[in-house]
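Data first, discussion second: the structure below is written as structure tokens.
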Amino acid sequence: MNIVVVKNQEEAAEKALELVKAGLEKGSIKTLGLATGSTPLKLYEKMRGANLDCSDVATVNLDEYVGLAPNDPQSYNHYMKTELFDHVKFKETHLPNGVAENLQEECERYEAVLSENPVDLQVLGIGTNAHIGFNEPGTSFDTKTHVVELTESTIESNKVHFEKVEDVPTHAISMGIASIMEAKEIVLLAFGEAKAEAVKQMVNGPVNEGCPASVLQNHANVTIIIDEAAASKL
Ligand code: F6R
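Note that the sequence shown covers residues 39 to 272 in my numbering.
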């Protein structure tokens, strides 16, 4: 793992943008894997201002809440549209459909999308319980795209984005750990003291399913860009 400690989110976003830009310029990024949540917001802000040519690039997102339609303001589809897709033109953009009639079929459809669009660079955040995507502790490292029940700690962390905790969806469709590990390159961003323990376990802990992000120790090309607070337990 290549670990880069930076002063703040601004600097982290600059560094992540450099990776994205370099891949676009070389033509090595044909599919970009994207995340939502607060972590990549600065990166997306910088991508919006960077005059990138993504017209030949497809995107795939990690996850979507079950029960939220793509136009629901709390959905990840809506988040991606407002933060990035309305501003940067991509060839195609893909997210799971959280209101698909048959969720199992939707997971299979999404896996087929991933097979057709193998991820060249995947952007990741990390949960305070070390989840990646919505793969909560205990998820098998072999999982492909699947429906997950969110843990209480994840619901608690995500409630800031909703009016009340009861509004936070209890399930999501998420790329699995095996799907994420297929990306050729991964860049994981983490900020703040609340992420310090998860970062420590991801980097120095044993590789096991109790700590989903620890699987990244087995990936050949991972860059972790973190601020000093998130790095404070390393
Ligand atoms: C989001 C995702 C999650 C988040 C993680 C951190 O698409 O897959 O794993 O990256 O929950 O969330 P934030 O960035 O809000 O701290």
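Just so it is clear, CB atoms sit at the ideal spot from N, CA and C, and this is done for glycine as well.
Please read these numbers as outputs of a predicted model, since none were measured by experiment.
*asked:* Can you confirm whether the segment 152 to 169 touches the segment 213 to 223 when touching is taken to mean that 3 or more C-beta pairs between the two stretches lie within less than 8 angstroms?
replied: yes
### With 16 other Cβ atoms within 10 Å as the buried cut-off, status of E139
exposed
- How should Q47 be labelled, buried or exposed, when 16 other C-beta atoms within 10 angstroms of its C-beta is the threshold for buried? buried
- Query: What separation, rounded to the nearest whole angstrom, lies between the Cα atoms of S66 and D91?
  - Reply: 13 angstroms
**Request:** Could you check which residue in G171, A228, E194 has the C-alpha nearest to that of S217?
**Result:** G171
Exercise. Helix or strand or just coil, what does DSSP make of I211?
Worked result: strand
### Query
Would I215 pass as a contact of V253 if the rule is Cβ separation under 8 angstroms?
yes
Exercise. With A232 and I164 assumed to form a contact (beta carbons below 8 angstroms), what rounded beta-carbon distance in angstroms separates them?
Worked result: About 10 angstroms separates the two Cβ atoms, so there is no contact after all.
Open item on the list: Given 7 angstroms as the limit, tell me if I224 has its C-beta closer than that to any heavy atom belonging to the ligand F6R.
Closed with: no
Notebook entry, point to check: Grouping DSSP H, G and I as helix and E and B as strand, with all else coil, what is D205?
Noted result: helix
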